[in-house]
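Asks:
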Amino acid sequence: MKAILWISVITLSISMGMTFSSEVCILKRNTANCRGENLTYIPLKFLTDKQFETLNLGANNFTDLNKLRLTNLQYKGDITRLLLDHNQIASLSYEFFADLPNVKLLDLSNNYITSIGEELCQMSNLEELILNGNPLKAISESAVRCLPKLLSIRLSNLPLNKLPELIFKDTNLIHIDLNGTNIENLNKIYFPKTVKVVPTQEPTVTTTEHGDYEDSQKTRNTSMYIAIGLLIVSSVLFAVAYVIYKRMYVRRILQVVSFGSEKERCSELNVTFKQVPDSDC
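With mature numbering (1 follows the signal peptide of the UniProt record, and there is no 0) as the guide, the letters of the sequence shown map in order to residues -21 to -1, 1 to 260.
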């Protein structure tokens, strides 16, 4: 019975921990997943002393990166993937990205960014930049050329009419996505010989990059179902243990009462166990 009680307590503790955690981020496989939590701030209290390589802040309500700082993160140098897609970011912050020198992938797709200057130039290790689905109208020449390790840039479905003619010169780019744009001076732009340019065409509907949002929802739903199942199991086990305990308690009381009555009857007959070995008393 004690074993059943302990199992119930442990199971209930696990289910409570999984379902009712007060944190807004999930740490799993080197990823801090804070996606889809309607955040307007970065939960530094939770993330400060955690170690991870991917920071997923997508599908929230961030608007101004100047108000978001990652300076206090103890292991910010370990972050190599930063996802800020599907927010409400209208402008970039030089100081914000300066705290993340080792990021290799930066996803800023589906925000409200209208222009890009040198805000990303501190990200000397950046290899992939995703800007799809922004109302982007201007990109400075230095915005790309200041990123020495950049290999891929995605500029699909942007309202861009022109690009600086030498924006891709002296870069190490091998992939440029201009799908769904209407660049008027496309034939005048310098493209490295080794680069693969995705041709422009009619705008297409953009979807969430990396599938992280769907994965996040599936993970949360699975955790919720498991937690509910564990809660039900723990409740059943606790109920069974309680019933067993009550039955044993009642049986013990009946035994005591029965023994007392028998002893009283034997006393009245003046019979003892030693005197009458075969007596029912």
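Here a beta-carbon is modelled for each residue, glycine too, at the ideal position from N, C-alpha and C.
Note that the structure is predicted; figures quoted are calculated from it, not measured.
Counting pairs of Cβ atoms below 8 Å between the region 140 to 157 and the region 121 to 132, do you hit three or more?
Replies: Touching, yes.
Asks: For Leu165, which three-state DSSP category applies?
Replies: Three-state result, Leu165: helix.
Asks: Which residue comes first and which comes last in the alpha helix (DSSP H) that contains Arg124?
Replies: Glu120 to Arg124 is the extent of the alpha helix (DSSP H) around Arg124.
Asks: In the DSSP assignment, the alpha helix (DSSP H) including Lys24 goes from what residue to what residue?
Replies: Note, Lys24: alpha helix (DSSP H), Leu23 to Leu26.
Asks: What does the alpha-carbon distance come out to for the pair Glu32 and Arg124?
Replies: Going from the Cα of Glu32 to the Cα of Arg124 covers about 26 Å.
Asks: Of all Cβ atoms in chain B, is any one closer than 8 Å to the Cβ of Leu130?
Replies: In summary, chain B is missing from the structure at hand, where a single protein chain is found.
Asks: Taking the alpha-carbon of Asp78 as reference, which of Asn66, Ile92, Ile95 and Leu47 has the nearest alpha-carbon?
Replies: Ranking Asn66, Ile92, Ile95 and Leu47 by Cα distance to Asp78 puts Leu47 first.
Asks: Using the C-alpha atoms, what's the distance from Pro178 back to Lys172?
Replies: Answer to the nearest angstrom: the Cα atoms are 15 Å apart.
Asks: Tell me the start and end of each unbroken alpha helix (DSSP H) in the region 38 to 78 that is at least 4 residues and wholly inside, in chain order.
Replies: With a minimum length of 4 residues, the continuous alpha helix (DSSP H) runs that stay inside the region 38 to 78 are 73 to 77.
Asks: Are the Cβ atoms of Ser94 and Asn111 separated by less than 8 Å?
Replies: Contact flag unset, no.
Asks: Tell me the rounded alpha-carbon separation between Ala11 and Asp64.
Replies: Ala11 and Asp64: Cα-Cα distance of roughly 15 Å.
Asks: Any idea if Asp86 is buried or exposed, counting beta-carbon neighbours within 10 angstroms, 16 or more meaning buried?
Replies: Result: buried.
Asks: Whose C-beta lies closer than 6 Å to the C-beta of Gly208 among residues of the same chain, with five residues either side of it excluded?
Replies: Cβ within range, chain order: n/a, list empty.
Asks: Consult DSSP for Ser213 and reduce its assignment to one of helix, strand or coil.
Replies: In the structure shown, Ser213 sits in a helix (DSSP, three-state: H, G or I).
Asks: Ignore the nearest five residues each way along the sequence and tell me which others in Gly56's own chain have a CB closer than 8 Å to its CB.
Replies: Result list for Gly56: Pro80 and Asn81, in chain order.
Asks: For a quick check, are the C-beta atoms of Thr27 and Asn9 less than 8 Å apart?
Replies: The answer is no: Cβ separation not under 8 Å.
Asks: Thinking C-alpha only, which one of Lys83, Ile58 and Tyr91 is nearest Ala69?
Replies: Minimum Cα distance to Ala69 is reached at Tyr91.
Asks: Within its chain, find whatever has a CB closer than 8 Å to the CB of Leu18; leave out the 5 residues flanking it on each side and keep chain order.
Replies: The residues are Val3, Leu36, Asn39, Asn40 and Phe41.
Asks: Quick one: grab the DSSP three-state call for Ser1.
Replies: A caution first: Ser1 carries a pLDDT of 38, below 50, which makes its placement in the model unreliable, though a value can still be read off. DSSP places Ser1 in coil when its eight states are reduced to three.
Asks: Expressed to the nearest angstrom, what Euclidean distance is found between the alpha-carbon atoms of Phe25 and Ile168?
Replies: Their backbone Cα atoms lie some 46 Å apart in a straight line.
Asks: Checking the sheet assignment: what are the DSSP bridge partners for Asn158?
Replies: Looking at the DSSP assignment, Asn158 forms no beta bridge with any residue, so it has no partner.
Asks: Does the beta-carbon distance from Leu134 to Asn164 come in below 8 Å?
Replies: No, the pair does not count as a contact, with Cβ atoms beyond the cut-off.
Asks: Cβ atoms of Leu145 and Glu106: under 8 Å apart, would you say?
Replies: No, the pair does not count as a contact, with Cβ atoms beyond the cut-off.
Asks: Can you give the Cα-Cα distance for Leu139 and Asn161, rounded to whole angstroms?
Replies: If you take the alpha carbons of Leu139 and Asn161, they lie about 7 Å apart.
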